[in-house]
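Before any comments, here is the structure.
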Amino acid sequence: MTLALPKQALPPQPTAVPAAGLRATARIVARSDDGSGTTRLPVLDGDGPLALRRIRAHGDQARVCVVGAMSAPLGGDRLRIEATAEAGSALHITAAAATVALPGRTGEPATYDVHLTVGDGARLDWLPEPLISAAGSDLRMTTTVELAPTARLVLREEQVLGRSGEQTGTLRSRLTVRRSGRTLLDQETAYGPGVPGWDTPAVLGGHRAVGQLLVVDRQEEFGPPEVRLLGAEAGERSADGAGQGVLAPLAGDAVLATALAPDALRLRRLLDEAARGAAG
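Under numbering that gives the first Met the number 0, the first residue of the sequence shown is numbered 0, with each subsequent residue one higher.
If you want it as structure tokens, here you go:
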């Protein structure tokens with residue numbers, strides 16, 4: 000006689016924790032509507048923590064806001080934003096809040112890559128809120144811009160090293176801008192633990208907010224390379240704790256402002272002054 004024994008339930012298996020963090024890519028494409036002179040958004044595809052929201056247009060310029068749908072980037076995350084302004088279009092991209100780089104479970108660095116492409120006669124304004132490097136985080140960020148010969152660009156980057164009352168994480172950032180395949184600007188910076196000399200008087204001198212504003216405008220000739228100091232409007236200088244900056248033309252049709260300050264608010268004031276100077 001054969002006895003049928005009841006099957007024993009297997010003990011629950013532990014859920015495997017992935018070695019790497021999340022992967023997310025957001026894509027934006029702006030296209031000129033020749034019939035109406037406005038810009039359409041045929042591609043607006045957010046992913047993971049990179050939620051995209053269409054906001055009210057300004058004139059012929061389409062406007063998009065990046066909304067953080069969850070905490071990111073954490074250690075091990077791989078985030079990417081791809082934005083294309085096709086020929087003749089106008090695109091403005093901003094963010095709902097600051098991006099905070101946080102430590103993760105893996106101990107691996109996070110990456111955040113931004114790739115911007117601007118076609119002939121198009122304009123792209125890349126104006127996100129600041130990136131905050133929280134204590135214990137490790138972020139590698141790259142911003143790559145490909146410009147057509149008659150493309151126009153306004154790009155602002157702001158980085159805050161540590162939240163209020165805490166030390167900074169490690170932040171490595173690279174900005175590369177090419178026009179017609181030729182390099183217009185290529186620079187790399189690094190701050191935080193493991194980076195020699197980043198907090199010395201020769202680099203940040205105790206400041207915790209650093210940023211830059213790049214304006215490339217084929218329709219505007221910025222003239223000879225005259226250097227302009229920032230902060231004069233408020234009668235403030237670095238010794239007063241207000242930060243300092245410099246505005247200088249690049250090759251022909253571009254101007255770059257670089258600034259550092261004790262905090263994000265005073266950094267934004269310096270870059271706003273630079274924007275007015277570039278427009279004037």
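Glycine residues also receive a C-beta, built at the ideal position from the N, C-alpha and C atoms.
Among all the DSSP beta bridges, which residues are the ones paired with PRO148? DSSP output for PRO148 lists no bridge partner at all.
Cβ neighbour criterion (16 or more within 10 Å) applied to ALA95: exposed
Validate contact between the region 166-173 and the region 181-189 using beta carbons, cut 8 Å, 3 pairs: yes
So, is GLY87 buried or exposed, given that buried needs 16 or more other C-beta atoms within 10 angstroms? buried
On the premise that LEU270 lies in contact with THR228, defined as a C-beta separation below 8 Å, what is that separation, rounded to the nearest angstrom? The sequence shown places Leu at residue 228, rather than the Thr named in the question. About 14 Å separates the two Cβ atoms, so there is no contact after all.
How about ARG30 and GLU81: are their beta carbons less than 8 Å apart? no
With a threshold of 16 other CB atoms inside 10 Å of the CB of ILE54, please say whether the residue is buried or exposed. exposed
Look up ALA250 in the DSSP assignment and say whether it is helix, strand or coil. coil
Using the Cα positions of THR110 and LEU43, report the straight-line distance between them to the nearest angstrom. 22 Å
Measure the alpha-carbon distance for THR93 versus GLU156 and round it to whole angstroms. 11 Å
Between ALA56, PRO261, GLY205, THR149, which lies nearest to ARG178 when the distance is taken from Cα to Cα? THR149
For ASP81, the first and last residue of its enclosing alpha helix (DSSP H): Residue identity check: residue 81 is Glu in the sequence provided, not Asp. Segment 77-84 is the beta strand (DSSP E) holding GLU81; no alpha helix (DSSP H) there.
CA-CA distance, ALA15 and ARG104? Any reading at ALA15 needs caution, since the residue's pLDDT is 42, under 50, leaving its predicted position unreliable; the model's value is listed next. Approximately 13 Å, taken between the alpha carbons.
For VAL209, which residues of its own chain have a beta-carbon under 6 Å away from its beta-carbon, when the five flanking residues on both sides are left out? GLN158, LEU259
Could you have a look at ALA274 and say whether DSSP puts it in helix, strand or coil? helix
If distances are taken between C-alpha atoms only, which option among GLY276, LEU183, ALA97, ARG77 comes closest to GLU128? ALA97
Let me know the secondary structure DSSP gives PRO261 once reduced to three states. coil
Which listed residue (LEU73, GLU145, THR182) has its alpha carbon closest to that of ASP137: LEU73
Residue burial classification, PRO48 (beta-carbon count within 10 angstroms, cutoff 16): buried
C-alpha gap between VAL99 and SER70, whole angstroms: 8 Å
In the DSSP assignment, find the unbroken beta strand (DSSP E) run with GLN307 in it and report its ends. Residue 307 lies beyond the residue range present for the chain, which begins at 0 and ends at 279; the question has no answer from this structure.
Out of curiosity, what's the CA-to-CA distance linking GLU272 and ALA278? 10 Å
Around the C-beta of HIS57, are 16 or more other C-beta atoms found within 10 angstroms, so that it is buried, or is it exposed? exposed
For GLY135 versus GLU107, is the C-beta spacing smaller than 8 Å? no
Paired residues, beta bridge with HIS91 - DSSP: ARG62, ASP124
Would you say ALA260 reaches chain D, if we count a Cβ-Cβ gap shorter than 8 Å as a contact? In the structure shown, chain D does not exist; there is a single protein chain.
Do you know how far the Cα of PRO41 is from the Cα of GLN60? 14 Å
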